[in-house]
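As structure tokens, the structure follows; a few thoughts come after it.
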Amino acid sequence: MSAAETVEGGGAKKRVAILISGRGSNMMSLVKAAEAPDYPAQIVAVLSNRPDAAGLEWARDRGIEAHSVDHKSFANREEFDRALHQKLEATGSELIACAGFMRLMTPWLVDQWRDRMINIHPSLLPLFRGLHTHERALEAGVRLAGCTVHVVRSEVDTGPILGQAAVPVCDGDTADTLAARVLSAEHRLYPQVLALFAAGKYDIDHEIARLDQQSGAGAALYSPAVDVDS
Ligand code: GRF
């Protein structure tokens, strides 16, 4: 287990594990942000359900504990979730940030981490829950697309909304060009929101997340200029 770190001039950093399934670009943006001495969270582990997830190697090279818990070696979802939970506990994690973790979780696992597990989804929730968000945004003809960081609940892509970023949908966009624009907003938004969450700036009341007055609602938003071309 990695040693506890303290925030520059403050208390203990929150110990955070990141769950991934693939390339891990959001994980990288969280890890890089957390290297700042005044960041309120410390990334203590990266776990993947896929042993070949590219992000695992990157995290290891950065000196972060990285493990795979291969879902294929378990008889069912419950057993996998128990093994994952055990591993998370062994890392001493206090919070979990899901970043492209493509596995449905059992209500049991979600419950173990209630209000301590967050996720990033590539749409402006509650629009376009689930997969193929960019294709669906283009089909619907929305003029703004974006991403959402939310607290995880057992129903997929639901839960109190912590922060959102909006990007324009441009003429001629394909799902790929839109995905790239949203992804670069994800990389800005997620570290910003994890910092607020780890610092205890949210109050969750009747499934609505409210930021404390000092931070202000704008702290959990990111919106690049409308003439961005990437
Ligand atoms: C991101 O678009 C994230 O919002 C979604 O899955 C994708 C993961 O990408 N949940 P990466 O692995 O972080 O690069």
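According to this note's numbering, the stretch in the sequence shown is residues 2 to 231, in order.
We put the beta carbon where it would ideally sit given N, CA and C, even for glycine.
By Cβ distance below 8 Å, which residues in the same chain neighbour residue i in space, the five residues on each side in sequence not counted?
i, result
"residue 105", "78, 157"
"residue 227", "169"
"residue 178", "171"
"residue 17", "31, 35, 42, 43, 44, 45, 94, 95, 96, 97, 98, 195, 199"
"residue 216", "197, 202"
Under 8 Å by Cβ, that's how I've got residue i and residue j pegged, so tell me the actual separation to the nearest angstrom.
i, j, result
"residue 166", "residue 203", "Actually they are not in contact, since the Cβ atoms of residue 166 and residue 203 sit about 17 Å apart, beyond 8 Å."
"residue 152", "residue 210", "7 Å"
"residue 154", "residue 111", "6 Å"
"residue 199", "residue 15", "4 Å"
In chain order, what residues of the same chain have a beta carbon less than 7 Å from the beta carbon of residue i, not counting five sequence neighbours either side?
i, result
"residue 35", "42, 43, 44"
"residue 63", "32"
"residue 164", "150, 190, 193, 194, 221, 222"
"residue 107", "78, 79, 82"
"residue 5", "13"
"residue 129", "137, 138"
"residue 208", "161"
"residue 39", "8, 9"
"residue 212", "197, 202, 203, 218, 220, 221"
"residue 75", "81, 84"
"residue 30", "188, 191, 192"
"residue 225", "168, 186"
"residue 126", "149, 151, 158, 162"
"residue 3", "45, 66"
"residue 1", "What the structure shows of the chain is the stretch from 2 to 231, and residue 1 is not part of that stretch, so it cannot be assessed."
"residue 21", "28, 47, 49, 54, 56, 100, 101, 102"
"residue 72", "50, 81, 104"
In chain order, what residues of the same chain have a beta carbon less than 6 Å from the beta carbon of residue i, not counting five sequence neighbours either side?
i, result
"residue 187", "27, 121, 148"
"residue 23", "54, 101"
"residue 144", "170"
"residue 85", "70"
"residue 67", "47, 57, 60, 61"
"residue 135", "176, 179, 180"
"residue 133", "none"
For chain B, check one thing: does any of its Cβ atoms lie closer than 7 Å to the Cβ of residue i?
i, result
"residue 109", "In summary, chain B is missing from the structure at hand, where a single protein chain is found."
When the Cβ atoms of the stretch 89-99 are set against those of the stretch 172-182, are three or more pairs found closer than 8 Å?
Verdict: no, contact absent.
Could you tell me whether the stretch 115-127 touches the stretch 41-58, where touching means 3 or more Cβ pairs closer than 8 Å?
As far as the Cβ criterion goes, the stretch 115-127 does not touch the stretch 41-58, which means the pair count is below three.
Taking three-plus beta-carbon pairs below 8 Å as touching, is the stretch 108-116 in contact with the stretch 58-71?
With fewer than three CB-CB distances shorter than 8 Å, the stretch 108-116 does not count as touching the stretch 58-71.
Can we say the stretch 138-158 touches the stretch 84-95, given the rule of at least three CB pairs closer than 8 Å?
Pairwise C-beta distances place the stretch 138-158 out of contact with the stretch 84-95, as fewer than three of them are shorter than 8 Å.
Would you list, in sequence order, the uninterrupted alpha helix (DSSP H) runs of no fewer than 4 residues that lie entirely inside the stretch 129-205?
Within the stretch 129-205, the complete alpha helix (DSSP H) segments at least 4 residues long are 134-141, 176-199, listed from N- to C-terminus.
Within the stretch 14-100, ranges of the beta strand (DSSP E) (whole runs, at least 3 residues)
Correct list: 15-21, 42-49, 66-69, 96-99.
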